[in-house]
Structure formats: structure tokens, C-alpha cells
Amino acid sequence: VTADAFAAVADPTRRSILETLRDGGPLPVTELAGRYPRITRAAISKHLRVLRRARLVRMRRRGRENLYRVEPERLADIQAWAAAFTAHHQQALVNLKRQVEGSRAKDVPRPGS
Amino acid sequence: MRIVEIGALAVRRSIEIEAPPERVWREFESEERLRLWYSTEGGAVMPCYALTYEPRVGGEFSTQVRHGASDIKFTGTVVAYDPPRELTVEMGPIPAAGGRSEVTLISFLLHPLDRGRTKMEIVHHGFEAFGDEAERVYQMFEGGWDMAVPTALKNLVETGSATGK
Numbered sequence: 016v017t018a019d020a021f022a023a024v025a026d027p028t029r030r031s032i033l034e035t036l037r038d039g040g041p042l043p044v045t046e047l048a049g050r051y052p053r054i055t056r057a058a059i060s061k062h063l064r065v066l067r068r069a070r071l072v073r074m075r076r077r078g079r080e081n082l083y084r085v086e087p088e089r090l091a092d093i094q095a096w097a098a099a100f101t102a103h104h105q106q107a108l109v110n111l112k113r114q115v116e117g118s119r120a121k122d123v124p125r126p127g128s
Numbered sequence: 491m492r493i494v495e496i497g498a499l500a501v502r503r504s505i506e507i508e509a510p511p512e513r514v515w516r517e518f519e520s521e522e523r524l525r526l527w528y529s530t531e532g533g534a535v536m537p538c539y540a541l542t543y544e545p546r547v548g549g550e551f552s553t554q555v556r557h558g559a560s561d562i563k564f565t566g567t568v569v570a571y572d573p574p575r576e577l578t579v580e581m582g583p584i585p586a587a588g589g590r591s592e593v594t595l596i597s598f599l600l601h602p603l604d605r606g607r608t609k610m611e612i613v614h615h616g617f618e619a620f621g622d623e624a625e626r627v628y629q630m631f632e633g634g635w636d637m638a639v640p641t642a643l644k645n646l647v648e649t650g651s652a653t654g655k
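Residue numbers (this note's numbering), protein chains in the order written: chain U, 16 to 128; chain A, 491 to 655.
Structural data, given as C-alpha cells:
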């Protein structure tokens, strides 16, 4: 699901939909589609499905309409990923140090070695 | 003087290298060299593959990060290329809470030290773009060292071996 969330926000239209729902939601799909005159309603619905699958957007039925709103607490899933990403940088630093210091020993042989 | 400004919400990790910045910078001069150390495939922490790196401002910088069974691909551009001091690239977009998703920045900074050494720093920043979520998103990434680093990495840093031997 975390990977789905990253893939979902990689698309600029879906990021825009998230912003629209954040600032003006909850909205039914008809009203949301009305804000994007150059995109078909079917395409908007498809984007919403991707956002729901990634749990970035939540749907609630109201009468004959489905209302969409942003998921307010989506952060927990990403926390472990974020921590590991920082740890990746720590490891990259160790790799870099070894790469530079290891090759230096080869490039410049020390006297007597 | 750095090209890209770094705000208060910055995740900083650094290491000292026994070589001057001019030598360290050679590892930033080509995709092949960068991939050798920035890719941590099979590493102790998070498999990350450096895919594309064009060493110039406006060049592409893309990585692929394994998360569970899925790969997450990021495509950004080089924002600053200033030998032998700074490389800054885009990183994201990162999804956060409340419908927010923003592109962050990674700065690779080379600080000269005495006796021909370099303090090599990786700074993940730009979290201010998340607005009211900025502090929380920053804290998630800052937690990387204390909360989620496996013992293997700690050993790697302290003893130079993933097994601690």
C-alpha cells in the first residue's frame, strides 16, 4: 500500500485532485469532474480509484452520491519507509568513504608497502 | 556558500573521509561512479538503485527504491551542480497525511577539513513545502537513525562489517 501511495502521487493530475479535495472536499465525483473540464469523468473516476486503493482518499455514500475526501491520517504507513530511506543515506556515506579511501590506497602506493 | 538554501527542517547525516573534496567529487562526476556507492542493492537497510544520473544542472536524477515486494521509482532533476562543493537533486513526490504530497530535496555537501580531509554530508530537506504537515514529515525521516536502523547497519558504520566481526 505504501508503494501504491507513492505511485499514486507521482501523477500530476492525481496530486491536483488531492489538493482540490484537501482545500474544498468532501466532493461528489460530478462536482470534482466539473473542476477539470479537460479530463473526462471516467478518467477522474479512474484516478479516484487509484487514490482510494492507495488509501489517500476515502469515499462515503450520501444519498445517491459518493462523496470523496482526503484521508486525514495516512502518515503511519510511510513512517517505516521514511526511516529506512534516511538509513539508506547513512549506508551510502559508508560506501562512499570506502570507495574513496580504498581507491586512494591503490592510486598512491605508500613507500615501503 | 551553498547554491540551494537549506531550511531548519533538514535531516543531516555525515561522515569524514580521508581525502580532499576534489578527490571525493570524482565520485559525483559520472553515473557509473555515483551508482557504485549510492546504490545500496543487497545492503543492510533499504535496497535502492541509482538508475539515471546526468551530472549537470537540469540533468535527470532517478532512483528506484525497493519497499517490500514493490519498487518505488522517483524521477527528478539535478538542481545544483557545483564541483567540488554541492550536488542537489529532487526527491519525490512523497505522499503524506491530509492529501499532501511534495517533492523534497537531497543535497550532497562536501566540506573541506584540515589535513586534506572532507566532511561528506547528505542533507534531506525542503519539508517546509508540506505546510502544516512539515514538522511531522521531517520527523519521520529524522527517525531513520534512532528508530529503524537495523543492527547490521550500526555494525557496518562502527566496525566496517555488517556482521560486526
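No residue lacks a Cβ here, since even glycine has one placed at the ideal position from N, Cα and C.
Please name the residue or residues paired with Tyr571(A) in a DSSP beta bridge.
In the second sequence, counting from the first residue as 1, residue 571(A) sits at position 81. Answer is Leu577(A), bridged to Tyr571(A).
Taking only runs that begin and end inside the segment 41-98 of chain U, name each unbroken beta strand (DSSP E) of 3 or more residues, in chain order.
72-77 and 80-85
Given Leu111(U) as reference, the closest of Met536(A), Leu526(A) and Ser520(A) once Cα atoms are compared:
Stepping through the first sequence from its first residue, residue 111(U) is reached at position 96. The candidate whose alpha carbon is nearest that of Leu111(U) is Leu526(A).
Check whether the segment 102-118 of chain U touches the segment 507-514 of chain A, taking contact to mean three or more Cβ pairs, one atom from each stretch, closer than 8 angstroms.
yes
With a 10 Å radius around its C-beta and 16 neighbouring C-beta atoms as the bar for buried, classify Pro87(U) as buried or exposed.
As a working mapping, residue 87(U) is identified with position 72 in the first sequence. Burial call: exposed.
Short CB-CB distance (under 9 angstroms) between Glu46(U) and chain C
Among the protein chains in the structure shown, which are U and A, there is no chain C.
Using 8 angstroms for Cβ pairs, my map puts Ser591(A) next to Leu47(U). What's the rounded Cβ distance?
The residue labelled residue 591(A) in the question sits at position 101 within the second sequence. The residue labelled residue 47(U) in the question sits at position 32 within the first sequence. Actually they are not in contact, since the Cβ atoms of Ser591(A) and Leu47(U) sit about 17 angstroms apart, beyond 8 angstroms.
Which residue marks the beginning of the alpha helix (DSSP H) containing Ala18(U), and which one marks its end?
Position 3 of the first sequence, counted from the start, is the residue given in the question as residue 18(U). It spans Thr17 to Val24 - the alpha helix (DSSP H) in which Ala18(U) sits, taken as one unbroken run.
Within-9 angstroms CB hit, Ile496(A) to chain U:
One-based indexing of the second sequence puts residue 496(A) at position 6. It does not; no Cβ of chain U falls within 9 angstroms.
Secondary structure of Thr530(A), DSSP reduced to three states:
The count along the second sequence starts at 1 and reaches residue 530(A) at position 40. In this structure, Thr530(A) counts as coil in the three-state DSSP scheme.
Report yes or no: is there a C-beta of chain U within less than 9 angstroms of the C-beta of His614(A)?
Stepping through the second sequence from its first residue, residue 614(A) is reached at position 124. Chain U contact via Cβ: present.
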